[in-house]
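Sequential numbering of the sequence shown, starting at 341, is according to my numbering.
Accompanying notes for the structure given below.
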Amino acid sequence: MSDLIRLESVSHHYGGQRTLQDIDFSVADGEFVCILGPSGCGKSTLLNILAGFLSPTSGQVLLWARDDVVGHDIKVVMQNAHLFPWLTVQRNVEFGLRMRGDAKETRDARVRELLSLVGLSGVERKFPVQLSGGMQQRVAIARALAPDPSILLMDEPFGALDAQLRRRMQAELVQIRAVTGKTIIFVTHDIVESVLLADRIVVLTSAPGRIKKIVSVDLEHPRERNRAVYDWVFELEQLL
Ligand code: ADP
Ligand code: MG
Numbered sequence: 341m342s343d344l345i346r347l348e349s350v351s352h353h354y355g356g357q358r359t360l361q362d363i364d365f366s367v368a369d370g371e372f373v374c375i376l377g378p379s380g381c382g383k384s385t386l387l388n389i390l391a392g393f394l395s396p397t398s399g400q401v402l403l404w405a406r407d408d409v410v411g412h413d414i415k416v417v418m419q420n421a422h423l424f425p426w427l428t429v430q431r432n433v434e435f436g437l438r439m440r441g442d443a444k445e446t447r448d449a450r451v452r453e454l455l456s457l458v459g460l461s462g463v464e465r466k467f468p469v470q471l472s473g474g475m476q477q478r479v480a481i482a483r484a485l486a487p488d489p490s491i492l493l494m495d496e497p498f499g500a501l502d503a504q505l506r507r508r509m510q511a512e513l514v515q516i517r518a519v520t521g522k523t524i525i526f527v528t529h530d531i532v533e534s535v536l537l538a539d540r541i542v543v544l545t546s547a548p549g550r551i552k553k554i555v556s557v558d559l560e561h562p563r564e565r566n567r568a569v570y571d572w573v574f575e576l577e578q579l580l
């Protein structure tokens, strides 16, 4: 597998406050990597650096184009869906496609395909306010996937959902990943979540965030909350 993104000695300060220190890791095409660490350890800062929203104080982020695309494109899903409230679901999902000038038939087909993928067929004409939090987050995922980005970044995307819904969304994300083969970097402070989702987990220490350990979770999908998963959870708890 070829690398799509690599961080080399990335450090970040906000003013005098050191937030991230010497972060080094790479993510390969098609990989699902979780960034796990306690609240305030710099996970969102790291995600913003990966997204290119923030420049690291030192170090660098290297990007490679996926074989089948020119350049790259990274899409982000945050804890809150941040949909455009004045646009329908259809318009929200096709937003990036309109921006690049895709024809109506192409957009319609893609929106149908994506809403089906996230389990939301038939809500094209609804507005975000008419949807539950979980549905809004599904729309946000569909919108992010629409232009077929090289990398999908997710910052605690299920953190605002109740426990039962969170479990369902986790299972659905595993399914979406299996269907799309998307490269996903997923930030969480939830150890169980990271074990259920990730191929590899980058464990950060509390502030300033440094890499404590990177572990490969070699469990088959779908993963259940069973003994094998909790063995991993226990091991990670020792690290955090
Ligand atoms: P996490 O996502 O792991 O909870 P963050 O990356 O949001 O951590 O924040 C890491 C640290 O940096 C925290 O102490 C936070 O208060 C601080 N911080 C985050 N954003 C800013 C900012 N824009 N300006 C100053 N300090 C910030
Ligand atoms: Mg955060």
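Note that CB positions come from ideal geometry on N, CA and C, so glycine has one too.
Report yes if the C-beta of residue i is less than 7 Å from at least one heavy atom of the ligand ADP; otherwise report no.
i    : result
Q430 : no
G370 : no
T359 : yes
G399 : no
A391 : no
G380 : yes
A568 : no
G459 : no
A547 : yes
G356 : no
G499 : no
G521 : no
G436 : no
G462 : no
G377 : yes
Use the C-beta contact count for residue i: other C-beta atoms within 10 angstroms, 16 or more gives buried, fewer gives exposed.
i    : result
S534 : buried
A486 : buried
W572 : buried
V519 : exposed
N566 : exposed
K553 : exposed
E577 : exposed
V557 : buried
V429 : buried
K522 : buried
G549 : buried
Tell me which same chain residues have a C-beta within less than 7 Å of the C-beta of residue i, skipping the five on either side of it?
i    : result
R478 : V458, G459, L460
P562 : A511, V514
G474 : L501, L505, M509
I389 : V350, H352, P396, V401
L537 : F372, C374, Q510, L513, V514, F526
P489 : D413, I414, K415
Does chain D have any CB closer than 8 Å to the CB of residue i?
i    : result
C374 : Absent from the structure is chain D; it holds one protein chain and no more.
Which residues in the same chain have their Cβ closer than 8 Å to the Cβ of residue i, if we skip the five residues on either side of it in sequence?
i    : result
D495 : K383, S384, L387, V416, V417, M418, Q419, V527
R440 : P487
A568 : L559
Just to confirm my understanding: we take residue i, look at its own chain, exclude 5 residues before and 5 after, and list those with CB closer than 6 Å. What are they?
i    : result
R447 : E434, L437
I541 : C374, L376, S534, V555
T397 : S351, H352, H353
L544 : G377, C381
V532 : V573
L394 : N388
G499 : Q419
Q361 : S351, P548, R550
S366 : D343, R346
Cβ-heavy atom distance between residue i and the ligand ZN below 7 Å?
i    : result
T359 : By its list of ligands, the structure shown excludes the ligand ZN, since it contains just the ligand ADP and the ligand MG.
Below 7 Å from a heavy atom of the ligand MG - residues by beta-carbon: K383, S384, D495, E496, V527
Within the segment 529-563, ranges of the beta strand (DSSP E) (whole runs, at least 3 residues): Given a length threshold of 3 residues, each whole run of the beta strand (DSSP E) inside the segment 529-563 is given here in chain order: 540-544, 551-556.
Segments of 3+ residues assigned as beta strand (DSSP E) that fall wholly inside the segment 361-437: Taken in chain order, the complete beta strand (DSSP E) segments of 3 or more residues contained in the segment 361-437 are 372-376, 398-403, 414-417.
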